[in-house]
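Quick note on this note's numbering: the sequence shown kicks off at 2 and runs consecutively. Note that beta-carbon positions come from the ideal geometry of N, C-alpha and C, so glycine has one too.
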Amino acid sequence: MSKSVQIIKGLGLRGNAFKAHLKTIELTSLQREVLVGTLLGDASFSLDKKRPKYSVKFEQGKKNEAYVLHLFKIFKPFVGTGPVEREINKNRAPSEEVRYAVWFRTYQHDSLKYYYHSFYKQVLDPKNPKLVLKKTKIVPKNIGKLLTPRAIAYWFMDDGSYENQTCMLNTQGFEEKESQLLCDILLEKYGIEAALSNNKGKKRIRIRTCSATVFRNLVEPYVIPHFRYRLINL
2 MSKSVQIIKG
12 LGLRGNAFKA
22 HLKTIELTSL
32 QREVLVGTLL
42 GDASFSLDKK
52 RPKYSVKFEQ
62 GKKNEAYVLH
72 LFKIFKPFVG
82 TGPVEREINK
92 NRAPSEEVRY
102 AVWFRTYQHD
112 SLKYYYHSFY
122 KQVLDPKNPK
132 LVLKKTKIVP
142 KNIGKLLTPR
152 AIAYWFMDDG
162 SYENQTCMLN
172 TQGFEEKESQ
182 LLCDILLEKY
192 GIEAALSNNK
202 GKKRIRIRTC
212 SATVFRNLVE
222 PYVIPHFRYR
232 LINL
């Protein structure tokens with residue numbers, strides 16, 4: 002497969018119908034919680050010609066297609082083109098297996114601005130402050146207020162795993178102090194003991210085995226069937 006293949010159609014609005022639709026939508030509380038969890042994981046914003054693009058991209062490996070379709074249903078009012086399957090290792094060696102990902106992107110929308118500026122630190126062009134030279138994903142300073150049980154569940158589904166009889170949260174993309182902040186919040190808000198664990202020179206969060214059951218009980222109501230295997234042995 003050399004071309005991207007659309008799996009499900011989005012709204013596909015154009016022209017005046019598209020402009021009118023954008024005025025009718027706002028993020029729901031459900032969408033906001035899911036957005037926080039997925040932005041702690043693999044969801045991302047991008048730049049368009051060095052300007053912030055207030056549009057969120059959700060992408061997972063092909064094996065997690067069911068999860069991407071689940072996210073699409075949640076954000077469908079914000080999506081013009083439905084989930085697409087694409088080859089992600091086109092420059093692979095002849096002996097390497099072809100790998101695919103499934104992804105979709107939301108419309109650009111003002112209600113997403115808050116999350117872009119909360120989850121990204123920018124380096125602006127001194128000659129033109131409207132242009133962004135570099136952006137880095139960060140943990141928001143007010144993450145304690147944003148980190149609900151549902152947000153944690155989507156964080157776990159988006160970029161978590163089950164290893165060595167407990168759960169891991171992959172925070173290698175954040176600074177160590179940010180990962181420690183997340184550990185502190187898990188303990189203070191939910192009584193979940195967590196510690197930082199080394200992974201290829203980076204830090205990720207390990208839920209201590211003494212808190213594995215507490216963690217499972219917190220997130221289980223929101224975990225979709227596709228990811229229940231991560232909880233079954235806790």
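Three-state secondary structure assigned by DSSP to residue i
| i | result |
| --- | --- |
| L235 | coil |
| R229 | helix |
| K51 | coil |
| P84 | coil |
| V140 | coil |
| Y223 | helix |
| T39 | helix |
| S56 | strand |
| T167 | strand |
| S3 | For S3, the predicted structure reports a pLDDT of 49, less than 50, and the residue's modelled location is therefore unreliable. The matter cannot be settled from this model. |
| K201 | coil |
| S212 | helix |
| V69 | helix |
| L12 | coil |
| S96 | coil |
| G174 | coil |
| L147 | helix |
| L28 | coil |
| N90 | coil |
| K64 | helix |
Run of the beta strand (DSSP E) containing residue i, from where it starts to where it stops
| i | result |
| --- | --- |
| F79 | Premise fails: F79 is in no beta strand (DSSP E) and is neither H nor E. |
| G1 | There is simply no residue 1 to check, as the chain begins at 2 and stops at 235 in what is shown. |
| Y108 | Looking at the DSSP string, Y108 is not in any beta strand (DSSP E), and its letter there is neither H nor E. |
Assumed close pair residue i, residue j - CB separation to whole angstroms, cut-off 8 Å
| i | j | result |
| --- | --- | --- |
| R205 | A195 | Not really, about 10 Å apart at Cβ, beyond 8 Å. |
| V103 | E66 | 5 Å |
Start-to-end residues for the alpha helix (DSSP H) that takes in residue i
| i | result |
| --- | --- |
| C184 | 177–191 |
| Y115 | 114–120 |
| A236 | No answer is possible for residue 236: it lies beyond the span of the chain, which begins at 2 and ends at 235. |
Nearest residue (CA-CA) to residue i, options the options
| i | options | result |
| --- | --- | --- |
| E269 | S96, Y101, K138 | For the chain, the structure presents residues 2 to 235; residue 269 sits outside this window and is missing. |
| D49 | V57, L14, N234 | V57 |
| K10 | I186, F73, Q32 | F73 |
| M158 | I26, K54, K77, V220 | V220 |
| S45 | S212, K136, F228, G161 | K136 |
| H71 | P141, Q32, R52 | Q32 |
| N143 | I193, I186, Q166, L113 | I186 |
| L134 | V140, Q123, P141 | Q123 |
| R52 | F19, N92, G42, L125 | L125 |
Should the segment 75–82 be regarded as contacting the segment 178–198, the criterion being three or more beta carbon pairs within less than 8 Å?
-> Touching, no, given that fewer than three Cβ pairs across the two stretches are closer than 8 Å.
Cβ contact check for the segment 154–171 and the segment 123–133: 3 or more pairs under 8 Å | Output reads no: the segment 123–133 does not touch the segment 154–171.
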